[in-house]
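Residue -12 in this note's numbering is what sits at position 1 of the sequence shown, and the numbering runs on without skipping anything.
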Amino acid sequence: MYCPNCGKDSAPGSKFCESCGTVLPADQTAQAAGQQYAQAPPQQAPPYGQPQYGQPQPYGQPMYAPVPLKNAGLAAVLAFLWAGLGHIYLGMITKGILYMILYVVFLVIGALTLIGLIIPLVFWIWQLYDAYKLANQYNSAVQQTGRAPW
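1) Considering lysine 120, what are the terminal residues of the alpha helix (DSSP H) in which it resides?
2) Report buried or exposed for tyrosine 116, applying the criterion of at least 16 other Cβ atoms within 10 angstroms of its Cβ.
3) According to the Cβ coordinates, are glycine 73 and isoleucine 84 closer than 8 angstroms?
4) Taking the alpha helix (DSSP H) that glycine 73 belongs to, which residues open and close that run?
5) Rounded to whole angstroms, what's the CA-CA distance from leucine 107 to tyrosine 51? Just pull it up for me.
6) Give me, in chain order, the residues of the same chain whose beta-carbon lies closer than 6 angstroms to that of tyrosine 76; leave out the 5 immediate sequence neighbours on both sides.
7) Is there at least one Cβ from chain B nearer than 8 angstroms to proline 12's Cβ?
8) If you draw a straight line from the alpha carbon of alanine 193 to that of proline -9, how long is it in whole angstroms?
Here it is in structure tokens:
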């Protein structure tokens, strides 16, 4: 009697395949019906008691797309163009929008007092440096953990 799973010949009257352990059909009609179709080529069955697994994932290959790094120079240029743009580029959207609003408020206050124009200038320089520093922190966190830090 041939096994429908692995194609090996088993002793007549056997209930299980001696090679792979599959339950063999009990009646001859099931065996005859199975022989009408072209049989698949026999496959190497795993040793008895050992499960068959798929191909292992090669080491060093991530199973997901890696997180891209952010360009610190681009973050600084965007922050140079307008306060908060560098932070939005880094994914800190709320902080970037808050910095945009604060910058406009500081400009309005500075224009009214004239001496107060120093405040928006200091704020603009600080947020430019902050965007550059945060881009470097983002990149170092991505390289260490493989995930975005925020």
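Quick reminder that beta carbons are idealized off the backbone N, C-alpha and C, glycines included. Keep in mind it's a predicted model, so treat the numbers as computed, not measured.
Reading from the atomic positions:
1) 105 to 132
2) exposed
3) no
4) 72 to 76
5) Sequence inspection shows proline at residue 107; the leucine mentioned does not correspond to that position. Answer to the nearest angstrom: the Cα atoms are 43 angstroms apart.
6) Ala62 and Leu65
7) Reference to chain B is not applicable here, since this structure consists of a single protein chain.
8) Here the chain comprises residues numbered -12 to 137, so residue 193 is not present and cannot be evaluated.
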